[in-house]
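Chains A and B, in that order, give the protein sequences.
Its first residue numbered 55, the first sequence is counted upward by one per residue in my numbering.
Its first residue numbered 2, the second sequence is counted upward by one per residue in my numbering.
Every residue, glycine too, gets a C-beta built ideally from N, C-alpha and C.
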Amino acid sequence: MKSQPFVPALLAAVFAGAGSPALAQDAQDGRADPLVELARMSLDQLAHVEITSVSKGAQPLSTAPASIYVITREELLRHGITSVPEALRLAPNLQITQLTSTDYSNGARGFGGAPDAQNFSNKLLILIDGRSVYSPLFSGVTYDMQDVLMDDVERIEVISGPGATLWGANAMNGVINIITRRPRDTVGSLLRLEAGAREKNIAARHGAPLGDGAYRVYAKWFERGATVLADGRDAGDDWNLFQAGFRAERTRGDHRFNLQGDFQRATLRFLEGDDTDFDGANLLASWAHAGPRVKTRLHLYFDRVDREEPPSGIAFDIDTWDVELQQSADLGRRHQLMWGLGRRNYDYRTRNNVLAFEPDHRDLRVTNLFVQDGIALTRKLKLTAGVKLEDNIYSGWEVLPDVRLSWSPTDSTLLWVAGSRAVRAPTPFDTDVQEWVNGMLFLTGDPDFRPEEVMAYELGVRGNVGSRFSYSTSVFYDEYDDLRTVEITPETLIPLRWGNLMKGSAYGVEAWATWQVTPWWRLSPGFRSVHKRLEFEEGSSQLTGFAQAGNDPRSSWQLKSSMDAGRFTIDALVRHIGELPEPATDAYTQLSARVAWRASERVEIAIKGFNLLDETHREYAAPQGREIRRSVMAEVRFTQ
Amino acid sequence: MAAPFSSDAVKAAYLFRFASYVEWPDSVKVEGPFVIGVIGAEDVAVHLEHLLTGMTVQGRAAKVRRVRTPDDIAGVHILYVGQAVFRSARPMRLRAVGKPILLVTDSHDGLQGGGVINFVEVNRNLRFEISLAAAERSGLKIDSALLAVAVRVEARRSQ
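Here it is as C-alpha cells:
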C-alpha cells in the first residue's frame, strides 16, 4: 500500500485547527472535488445523497451536459418491472407504445415511428453492456428479442437528443445504455417467481467470488398472455422466452478482464397461424486498464440472431462481429481527451417470400473513429467538442460532430447548451427490400437512399434546491432533412419506392423532478412535449402523409410515487399519453402499482399490477395496435 | 445534494465521518496513524485514500490499509467488509469481533455477522443500521447523533 508521506500529515495538523476534520482541497485549482464535497456534508445530508454506482471518479451526474435520465436498479425492482420496454416507461423522456403482446414502439422527441406506414421507431439506439441491439437489417429495435434479469441491472441511462459523436449513427434522437451489475456486486443466490393470469416469470441467479474476481450465472423463463383484437376476439399472441447467461470478471492490479454471454430462445404465436420462433446468442470480452492519467478499454463481441416469422413472411439470421477501442487521458489541468475507433461487421442472410431482399444476403461493414476533448475553460465553464467519422457501405463516410458548453454558476446548478448532427444510416430495408403483393411487386427499396439527418440544438438546466428537490429540464429545436417517404412510379403507380423527400423541424420540452416530500415519501413528476412542422419536398407523392415520420402525441406526463412504511414499500406510476394524430388514437391514462413486504432479510413478497385502470386499453389504433389487458401478479423474491 | 454520486464514494465519505461519532476505549493506543481497513472493495479503498490524503481523524494522520488476511487486522480502528466478500471474509470478521474495532459491513445480514454498523440502500439513498450490542462487545461508544441518523438501531441485549 501507499505509505503516508510526512508532508500531508503536517498539512493536516495545520488544517485541523477548527476541531472538525480538515478537508483537502484539490491542490491544483483550489476547487473542491465531489469526494471532498461528500465528506463535508452533515450526516443527515449524506443520508439523503442520491447514489448511483458509476464506478470511480465519484462524478455527479449533474455534470453531464445532456438530457439524461437514469433509471436505477432500485427503481426497476420497486416498480416490479419484468421487461425492457416496460422498464423504459420509467424514463420521462421516452415515448413507449405497446402495440401487441410482443411489439412496442419507442420515440424520443417524437419520431416514434408509424407501424401502419412500415416506419419503425428507428431513431433510437439501444446498447446492452456496450453491445448494440439495433437491427442492421430493418433499422430500429426488436423489443421482444431484448431481455435482461432486472435484479442484475445496475442502471439504464436514457439520453434524449443526439449521441452520435460517442455512439455513432442511429443514436439520432437518443441513446439507451442498459448496464448490468459487475459480478462482484451480484454475489449470492436469487430466486424470483412471479405469477398472474397474464404473465408468469421464473428466474434464478447464482454469483460467487472467483479468484481475483467474481462470476454469476442466471437463467429465466417467462410466458406472457395474449392481447385482444378490435372485434373482441383473443389475438392469440401469447409468447414465451427462455434466456440464460453468465458474466465473469477478474481484476489484476489496474487491469480488469470481463467475459459475458447470453443465450435466448422464444416462441411467439398469433391466432391460428404458424408460430414465430427466434433465438439469439452473444459473447462479449473486454479488457479495461485504469492508469493514473490514461484509461483504456477494448471490447470484442459476437452476436447471432435467427428469426423466422411466418405471419409476415420474414426470416433472417445475422452474425455480428464488433471490436472497439477507447482511450481517455487527462492532458494537463484543462483537457480531458477521449478518442476511439471501432469496426463492426454484419453478415446477414434472409429467407423471405412476401418481404424479400435483393440481394438476399450481404456483409455490411461499419468503421468509425472519434475524438472528443473536454476543456475546463474556467472553474465553472466547460466546453466539450468532438466528432465521429463513420463509414457505412451505402452512404460512405458520415461526419457526426457535437459541441456542448456547460456552466455551473453554483454547486447545485448546471446550465448547458449543445449543437450536434446525427443521422439514421440506410439499411437493407431502405435499399434492397421488395414487397410482393398478389404476385406483383408492390414496394421496392431505393439503392440511392440517403441517411435521414438531424441538426439538433438543445438548452438545459438541472440542479437541486436544498437536499430534497432536484430537477432537470431542457428545450430542443431539431432540423430534419431527407426523412423517409413513400414515392410512386410514374404512370404505373406501383411499385412504390422509398424516397427521402420530407424535411422540417421539431421543437419541444422535457422536464422532470424528484421531490423527497418526507423521509419516507418521494414524488417524481415528468412531462414532455413535441411539435413537428414537416413538409414534403417538390416531386413527392405525399402518400401516407406526415404521420409516417412518427405518429406521436403532442404531450405526455407521468407521476411516480415511492413510499417506505417499515417493512413495506409502496410504489406507483401514473402515465398520461396524449392523442395520436394519424391514425387517430385516443389519449389514455394508466396506472401501475406494487406493494411489497420484506418478510425477512431473505424473502420479499409483493403484489403488483400493470395497466390497472381498465380491463383493456389501446395505445395505438387497430389493426397495428391491439387491446392490452390489465395484468396483476404476485411476486416472491428469495435472496441468499 | 440530490445529484447522484457513486455509492462507493458515499461509502468512503461515511467511513471517514463515522470516526467522529465513535469513542474508542482508552486502551487503544493513541500514537501512530488512524487506520481504516478495507476488505474486498478496491473502489472504496481508492476513494478513501484520496479523501484521507492530508486529513486528520481524531487529531491523527489517517491511512487506508487493504486487509487480506486476519493478521492484517492488528492496529485497525475501522474495518470495512465489502459487499462482495462478506461471506468469504468470515475469518477476518470473527477476528475483529469483540476487539475495539468498528466493524462496518455491507450485507443483508451484516449485523448478524458481527457488524457494528451495516450499510443499507434505501430508496436510492445509502443509509446504515447500528447494533448497540456489537458496539458494547467491542467497547465502543456511539454518539447519539449517529444513532439518530441510522435507519434502525438494534438494542443491547436485555440484561
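Where residue i falls, given that 16 or more other Cβ within 10 Å makes a residue buried
i        : result
B:Thr70  : exposed
B:Glu32  : exposed
B:Ala20  : buried
A:Asp201 : buried
A:Trp566 : buried
A:Trp451 : exposed
A:His309 : exposed
A:Val670 : The question names Val, but residue 670 of chain A is Thr in the sequence shown. The residue in question, A:Thr670, is exposed, as its Cβ has fewer than 16 Cβ neighbours within 10 Å.
A:Met494 : exposed
A:Gly307 : exposed
A:Gln152 : buried
A:Arg185 : buried
A:Ser578 : buried
A:Pro88  : buried
A:Gln99  : exposed
Own chain residues within Cβ distance below 8 angstroms of residue i, not counting five before or after
i        : result
A:Ala171 : Val540, Thr598, Ala601, Gln602
A:Gly345 : Asp308
Rounded separation between residue i and residue j - CA only
i        : j        : result
A:Gly315 : A:Asn336 : 5 angstroms
B:Pro26  : B:Glu43  : 29 angstroms
A:Ala677 : A:Val348 : Contrary to the premise, residue 677 of chain A reads as Pro rather than Ala in this sequence. The straight-line gap from Cα to Cα measures roughly 54 angstroms.
A:Tyr123 : A:Gly167 : 22 angstroms
A:Thr240 : A:Ala262 : 8 angstroms
A:Thr350 : B:Ser145 : 46 angstroms
B:Arg128 : B:Phe120 : 6 angstroms
B:Thr106 : A:Gly250 : 37 angstroms
A:Pro482 : A:Trp293 : 28 angstroms
A:Ala298 : A:Leu247 : 16 angstroms
A:Ile429 : A:Thr156 : 45 angstroms
A:Arg278 : A:Ile180 : 23 angstroms
A:Leu92  : A:Thr464 : 16 angstroms
B:Ser28  : B:Ile102 : 12 angstroms
A:Ser610 : A:Val628 : 11 angstroms
B:Val82  : A:Glu129 : 26 angstroms
A:Glu253 : A:Val686 : 8 angstroms
Chain A within 8 angstroms of residue i, Cβ atoms only
i        : result
B:Tyr81  : no
B:His78  : no
B:Leu147 : yes
B:Asp27  : no
B:Ser89  : yes
B:Asn119 : no
B:Asp110 : yes
Own chain partners of residue i with C-beta closer than 6 angstroms, once the 5 adjacent residues on each side are dropped
i        : result
A:Thr421 : Arg397, Asp445
B:Glu50  : Val65
B:Gly38  : Arg66, Val68, Val77, Leu80
B:Phe87  : Ser108
A:Ile659 : Trp651, Ala653, Val690
A:Val508 : Met226, Ala476, Asp532, Tyr534
A:Glu362 : Asp331, Ala369
A:Lys177 : Phe165, Met226, Asn227, Arg478
A:Gly643 : Per the sequence shown, residue 643 of chain A should be read as Thr rather than Gly. Correct list, in chain order: His630.
Contacts around residue i, its chain only, beta-carbon distance under 7 angstroms, and the 5 residues preceding and following it disregarded
i        : result
A:Ala638 : Ala675
A:Arg323 : Gly290, Asp291, Asp292, Trp293, Asp329
Chain B within 8 angstroms of residue i, Cβ atoms only
i        : result
A:Val103 : yes
A:Leu89  : yes
A:Glu211 : no
A:Ala268 : yes
A:Pro263 : yes
A:Ala78  : Confidence in A:Ala78 is poor, its pLDDT being 33 and thus under 50, which makes the residue's placement too unreliable to answer from.
A:Asp206 : no
A:Asp292 : no
A:Ala93  : yes
A:Glu564 : no
A:Ala67  : Note that A:Ala67 has pLDDT 34, beneath the 50 cutoff, so the model's placement of it is unreliable and the number below is only indicative. Yes, contact with chain B.
Query raised in the report: Fully enclosed by the region 163-214 of chain A, which beta strand (DSSP E) runs are 3 residues long or longer?
Result: With a minimum length of 3 residues, the continuous beta strand (DSSP E) runs that stay inside the region 163-214 of chain A are 178-182, 207-214.
**Report entry** Unbroken stretches of the alpha helix (DSSP H), 4 residues or longer, contained in the region 617-668 of chain A
**Finding:** Here no run is fully enclosed.
Query raised in the report: What are the uninterrupted segments assigned as alpha helix (DSSP H) that are 4 or more residues long and contained completely in the region 554-618 of chain A, given in chain order?
Result: Correct list: empty.
**Report entry** Residue ranges of each alpha helix (DSSP H) within the region 19-65 of chain B, 4 or longer
**Finding:** Counting whole runs of 4 or more residues, the region 19-65 of chain B contains the alpha helix (DSSP H) stretches 43-53.
Query raised in the report: Could you give the uninterrupted runs of the beta strand (DSSP E) lying entirely in the region 375-431 of chain A, keeping only those of 3 residues or more?
Result: If we require 3 residues or more, the beta strand (DSSP E) runs fully inside the region 375-431 of chain A come out as 389-404, 409-411, 415-430.
**Report entry** alpha helix (DSSP H) runs contained entirely in the region 91-121 of chain B, provided each spans 4 or more residues
**Finding:** For the alpha helix (DSSP H) assignment, the uninterrupted runs of no fewer than 4 residues enclosed by the region 91-121 of chain B are, from N- to C-terminal side, 91-97.
Query raised in the report: Curious, which full-length beta strand (DSSP E) runs of at least 3 residues does the region 486-553 of chain A contain?
Result: Here the runs fully enclosed are 487-491, 494-498, 506-519, 523-543.
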